[in-house]
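Novice:
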Amino acid sequence: MTKTLQPVIVGAGPAGVRAAQTLVAHGVRPVLIDEAPRWGGQIYRQPPLGFTRNKRTLYGFEAGRAEALHSAMAGILDRVDYRPDTLVWSAEGGRLDLLGRGRMGTLPYSQLIVATGATDRVLPFPGWTLPGVYALGAAQVALKYQGCAIGSRVVIAGTGPLLYLVAYQYAKAGAKVVAVLDTASFKDKALAAPTMLRQPAVFAKGVYYLAWLRAHGVPVHQGVRLVRATGGTQVTTMRWQDGAAEHEVACDAVAFGYALRSETQLADLLGCRFSYNALQRAALPACDGAGRSSVPGVYLAGDGAGIMGADAAEWAGERAALALLVDAGRPVDAVRASELEVRLARIAAFRVGLERAFPFPQDWAANAPDDLVICRCEEITAGQLRQCASDTGAREINRLKALTRVGMGRCQGRTCGVAAAEILAQACAVAPDAVGRLRGQAPIKPLPFAVMARADGEAT
Amino acid sequence: MTPPTKERPVALLKRVAETGRTPVGFVLNGQALTALAGDTVLTAVLTHTAQLRRSEFSGEPRAGFCLMGACQDCWITTESGQRLRACDTFIEEGMRLVTGVEGHE
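Respectively, the protein sequence lines represent chains G and C. According to numbering that gives the first Met the number 0, the first sequence holds residues 0 to 459 in order. According to numbering that gives the first Met the number 0, the second sequence holds residues 0 to 104 in order.
1) Please name the residue in G/A65, G/Y81, G/F273, G/I149 whose C-alpha comes closest to that of G/V23.
2) Taking all protein chains shown into account, decide if C/P3 is buried (16 or more other Cβ within 10 angstroms of its Cβ) or exposed.
3) Keeping to the same chain, check which residues put their C-beta closer than 8 Å to that of G/P445; ignore five residues upstream and five downstream.
4) Does the beta-carbon of G/K143 have 16 or more other beta-carbons within 10 angstroms, so that it is buried, or is it exposed?
5) So with CB distances below 7 Å, who are the chain G contacts of C/L27?
6) Within 8 Å of any Cβ in chain C, is that where the Cβ of G/A148 sits?
7) Could you tell me which chain C residues have their CB closer than 8 Å to the CB of G/C410, listed as they occur along the chain?
8) Runs of 3 residues minimum, wholly inside the region 8-54 of chain G: which ones carry the beta strand (DSSP E) assignment?
9) Which chain G residues sit within Cβ distance under 8 Å of C/T46?
10) Determine the contact status of G/G256 and G/V121, defining contact as a CB-CB distance below 8 Å.
11) Determine, for G/Y471, whether the minimum Cβ-Cβ distance to residues of chain C falls below 8 Å.
12) Please report the residue range of the beta strand (DSSP E) in which G/I130 lies.
13) Can you pull out the residues from the region 111-142 of chain G whose beta carbon lies closer than 7 Å to at least one beta carbon of chain C?
14) Does DSSP classify G/F273 as helix, strand or coil?
15) Would a check of beta-carbon distances place G/E50 closer than 8 Å to chain C?
16) So with CB distances below 9 Å, who are the chain C contacts of G/R100?
17) Ignore the nearest five residues each way along the sequence and tell me which others in G/R224's own chain have a CB closer than 6 Å to its CB.
18) To which residues of the same chain is G/A327 closer than 6 Å at the C-beta, ignoring the five residues directly before and after it?
19) Rounded to whole angstroms, what's the CA-CA distance from G/D479 to G/V132? Just pull it up for me.
20) Any beta-carbon of chain C closer than 8 Å to the one on G/D251?
21) Name the DSSP beta bridge partners of G/T380, please?
22) Taking DSSP as the reference, what is the three-state secondary structure of C/T42?
23) Pick out the complete beta strand (DSSP E) segments inside the region 203-284 of chain G, 3 residues or longer, and give them in chain order.
24) Inspect the CB distances between the region 170-185 of chain G and the region 63-72 of chain G and report whether three or more fall short of 8 Å.
25) So, for G/R17: in the same chain, excluding its five sequence neighbours on each side, which residues have a beta-carbon less than 6 Å away from its beta-carbon?
26) Classify G/G59 as helix, strand or coil using the three-state DSSP reduction.
27) Of all Cβ atoms in chain G, is any one closer than 8 Å to the Cβ of C/V97?
28) Is there a C-beta anywhere in chain G that falls below 8 Å from the one on C/E17?
29) On a CA-only basis, which of G/A336, G/A311, G/D310 is nearest G/A322? Give me that one, please.
30) If G/R404 and G/E421 are in contact, beta carbons under 8 Å, what's the gap, nearest whole angstrom?
31) Looking at the C-beta of G/A174, does it have a partner C-beta in chain C at a distance below 8 Å?
32) Go through its chain and collect everything with a Cβ distance to G/P295's Cβ below 7 Å, but skip five positions before and after it.
Listed below in structure tokens is the structure:
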């Protein structure tokens, strides 16, 4: 006789949905918790009910994948305990703390698959707090989820493959893209081409977007440095440096980002061991090729365990669910499991090429002026962080947080964490791995006091 | 030099699709406005103006940043003082919102 399983999956994006589907296929009914009102994650985010654009318009080349994922979930809804609009705000001792639709609750689990996804990796420039300046992902959410452009004269800046995709999507939707400003150079991309060709379809898409933008007269500048956005009540110009020359363009919106960063707070609260990943320049929760974390019963899948992209997330979700089943003594298809691991290893090799094509701007911290706001929640500047490091000798990011409040604001370092660590490392003249990582703290997102008070009153 | 003129905020978000939805009436800083069913509070407000709130430190206007519930930049308050995260709260008929413009702090 086998024990009853009560697996819980956190996140209904590509990894979480495929994990749920795999468990269902093996006769197990998982709980699937998601912050969003509808499944799909950020990449395949579905518009609210009542919107009418088709998937081809919404997801472009990825329409087939989006449709497959959406219908996979629709097909198992009756066999999943699906809880949308629900935040996991803490986890301890086999129990999750939830906030869903204005109510607090707890949920025990026997196994947990953490598929928490990613957000934009942000390296600020002066003026980035002006209204009209958004993260690159935000520009996509506005378009896909709300049918809105973030402006009518839009600058797309930073680096990463998303830059060209968003520029293409905006131009197609009728917004004027006045400049694409890529901090990676053409040479970076040429050198990376042989590795990128490991995923020829992905490579071809990137080439297509760039060619389309050029053919439609969208100015693309590569190898630049972002200087500043200016404006009074909202952004009106963007400046950048190209070689020795500075340039400026009038705009009413800027979208920027430097690839993605993993959402790791939940893995952290669960006690997962972290290790530094030099390629992603981040401390990530460690897991084996099947997704087993260092904590028994806790599995990691998708971009929340390191940025691998949406296709890899689907495979990792399925692989983690198979690992969970095997560990619980259930029979699974071992050939399928190893095939998924081979695919994931191939993607990992491709990611090396992607990082080479769109490298992290290693000189960012050295060029950040003292008055640059790093933490937009608490408005802490690069100069304040440097001063603190030099006055107190703080050389560790949590120490810097305690002393300056950087990373202590409402976003808990999701937006400023990468930049703050880079500034500290530069101030201490050490590599970024030497300053440690911001520890996750519960609640991992702000909770309304009214709900907490109500929950307290209900407690018996 | 000409003296600086007071800037009039221009709506940040531009609707480019899905404009056939049902209108929803709401009130922003005392003014009756119209959004569309399925708009987030952020979309409803920023298709009319350029800020959601003011920074409690510098007093500068803010209009959200990540639009996916991570950055916590897009808080807005209702007339009764309730705080909403504008990017993942849907607009409702009759909602009364304030953005921290002068006279409405």
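Glycine included, C-beta positions come from ideal geometry on N, C-alpha and C. Given the structure is predicted, the values throughout are model-derived calculations rather than measurements.
Specialist: The structure says:
1) Residue numbering aside, residue 23 of chain G sits at position 24 when the first sequence is read from its first letter. Residue G/Y81 is the option with its Cα nearest to G/V23.
2) The residue given as residue 3 of chain C occupies position 4 in the second sequence. In this predicted model, C/P3 has a pLDDT of only 47, less than 50, meaning its place in the structure is not dependable enough to derive any value.
3) In the first sequence, the residue the question calls residue 445 of chain G occupies position 446. Answer for G/P445: R409, listed in chain order.
4) Within the first sequence, residue 143 of chain G is the residue found at index 144, counting from 1. It is buried - the Cβ of G/K143 has at least 16 other Cβ atoms within 10 Å.
5) In the second sequence, counting from the first residue as 1, residue 27 of chain C sits at position 28. Result: empty, since nearest Cβ-Cβ is about 15 Å, beyond 7 Å.
6) As a position in the first sequence, residue 148 of chain G is number 149, starting the count at 1. Interface residue, yes.
7) Counting from 1 along the first sequence, the entry for residue 410 of chain G is found at position 411. Neighbours of G/C410 on chain C, chain order: A69, C70, Q71, D72.
8) 30-32
9) By one-based count along the second sequence, residue 46 of chain C stands at place 47. By Cβ distance, chain G contributes C147.
10) Locating residue 256 of chain G in the first sequence gives position 257, counting from the first residue. Locating residue 121 of chain G in the first sequence gives position 122, counting from the first residue. Going by C-beta atoms, G/G256 is nearer than 8 Å to G/V121.
11) For residue 471 of chain G there is no data in the structure shown, the boundaries of chain G being 0 and 459.
12) Counting from 1 along the first sequence, the entry for residue 130 of chain G is found at position 131. At residue 130 of chain G the sequence reads Pro, which differs from the Ile that was named. G/P130 -> no beta strand (DSSP E), and no H or E assigned at all.
13) T118, D119, T128, P130, G131, Y133, A134, G136, A137, V140, A141
14) In the first sequence, counting from the first residue as 1, residue 273 of chain G sits at position 274. Strand.
15) Counting from one through the first sequence, the residue named residue 50 of chain G turns up at place 51. Correcting the residue identity first, residue 50 of chain G is Phe in this sequence and not Glu. G/F50 counts as touching chain C.
16) Position 101 of the first sequence, counting from 1, holds the residue named residue 100 of chain G. Ordered by position in chain C, no residue passes the 9 Å Cβ test against G/R100, which lies about 12 Å from the chain.
17) Working through the first sequence from its first residue, we reach residue 224 of chain G at position 225. Only Q240 meet the Cβ criterion.
18) Looking up residue 327 of chain G in the first sequence gives position 328. The residues are L4.
19) An answer regarding residue 479 of chain G cannot be provided, because it is not within the stretch 0 to 459 covered by chain G.
20) Taking the first sequence and counting its residues from 1, one reaches residue 251 of chain G at position 252. Answer yes: the Cβ-Cβ gap between G/D251 and chain C drops below 8 Å somewhere.
21) Counting from one through the first sequence, the residue named residue 380 of chain G turns up at place 381. According to DSSP, which records beta bridges pairwise, G/T380 is partnered with G/V372.
22) Taking the first residue of the second sequence as 1, we reach residue 42 of chain C at position 43. Correct three-state label for C/T42: helix.
23) 219-221, 224-230, 234-241, 244-249, 252-257, 259-261, 273-276, 281-284
24) no
25) Within the first sequence, the letter at position 18 stands for residue 17 of chain G. Contacts found: E313, G316, E317.
26) Within the first sequence, numbered from 1, the residue matching residue 59 of chain G stands at position 60. Looking at G/G59 - three-state DSSP - the assignment turns out to be helix.
27) Here residue 97 of chain C refers to the residue found at position 98 when the second sequence is read from its first residue. No, because no Cβ of chain G sits closer than 8 Å to the Cβ of C/V97.
28) By one-based count along the second sequence, residue 17 of chain C stands at place 18. With 8 Å as the cut-off, C/E17 counts as an interface residue toward chain G.
29) In the first sequence, residue 322 of chain G corresponds to position 323, counting from 1. For G/A322, the nearest C-alpha among the options comes from G/A336.
30) Taking the first residue of the first sequence as 1, we reach residue 404 of chain G at position 405. Taking the first residue of the first sequence as 1, we reach residue 421 of chain G at position 422. Wrong, their Cβ atoms sit about 18 Å apart, outside the cutoff.
31) Taking the first sequence and counting its residues from 1, one reaches residue 174 of chain G at position 175. Taking Cβ atoms only, chain C reaches closer than 8 Å to G/A174, which makes this a yes.
32) For this step, residue 295 of chain G is matched to residue 296 along the first sequence. Contacts found: none.
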